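Asks: Mind having a look at this structure? Questions to follow.
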Amino acid sequence: MSRKKQFWRIVIVFVLVIYVFFFPSATPELAIRKHMLLSFHPIIAFTAEVHNNTSTSTYGHLYTVESLSKSFIYVKSNWLGWKVTSTGTGP
């Protein structure tokens, strides 16, 4: 493989990693799962049920994940997608 192809593969992988970890997600559930994955709960991120509480406040839309210690999660949307704004043990 030429050095040029290897360089472009590394650049593409780097850009994809930056996009996945630092840009907002397409749906609220994906944003919550990404937050759980990045906060060192990888098994829970893939197996837990995310419940929409349809409660909206200044913090965002409220979701719950029962298998986490900080089970209340607020997400907000912007023009790029959904992002977790805060987490806690109660609304």
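Sequential numbering of the sequence shown, starting at 36, is according to the working numbering. Cβ coordinates follow ideal geometry from the N, Cα and C atoms, glycine included. Quick caveat, the model's predicted, so the values are computed rather than measured.
1. For residue 68, which residues of its own chain have a beta-carbon under 6 Å away from its beta-carbon, when the five flanking residues on both sides are left out?
2. Ignoring anything shorter than 4 residues, give me the alpha helix (DSSP H) runs that lie fully in the region 48 to 104, in order along the chain.
3. Classify residue 93: buried if its beta carbon has 16 or more other beta carbons within 10 angstroms, exposed otherwise.
4. Buried or exposed, going by whether 16 or more other CB atoms sit within 10 Å of the CB of residue 37?
5. Is the beta carbon of residue 58 sitting closer than 8 Å to the one on residue 103?
6. Counting along the chain, where does the beta strand (DSSP E) carrying residue 122 start and finish?
7. Just grab the DSSP bridge partners of residue 112 for me.
Replies: Working from what's here:
1. By 1-based counting over the sequence shown, the position of residue 68 is 33. Correct list, in chain order: 80.
2. 63 to 73 and 77 to 82
3. Walking along the sequence shown from the start, residue 93 turns up at place 58. So residue 93 counts as exposed.
4. Within the sequence shown, residue 37 is the residue found at index 2, counting from 1. Per the 10 Å Cβ criterion, exposed.
5. Against the sequence shown, residue 58 aligns to sequence position 23. Against the sequence shown, residue 103 aligns to sequence position 68. Contact flag unset, no.
6. The count along the sequence shown starts at 1 and reaches residue 122 at position 87. Note, residue 122: beta strand (DSSP E), 117 to 123.
7. Here residue 112 corresponds to residue number 77 of the sequence shown, with the count starting at 1. Partner(s): 117.
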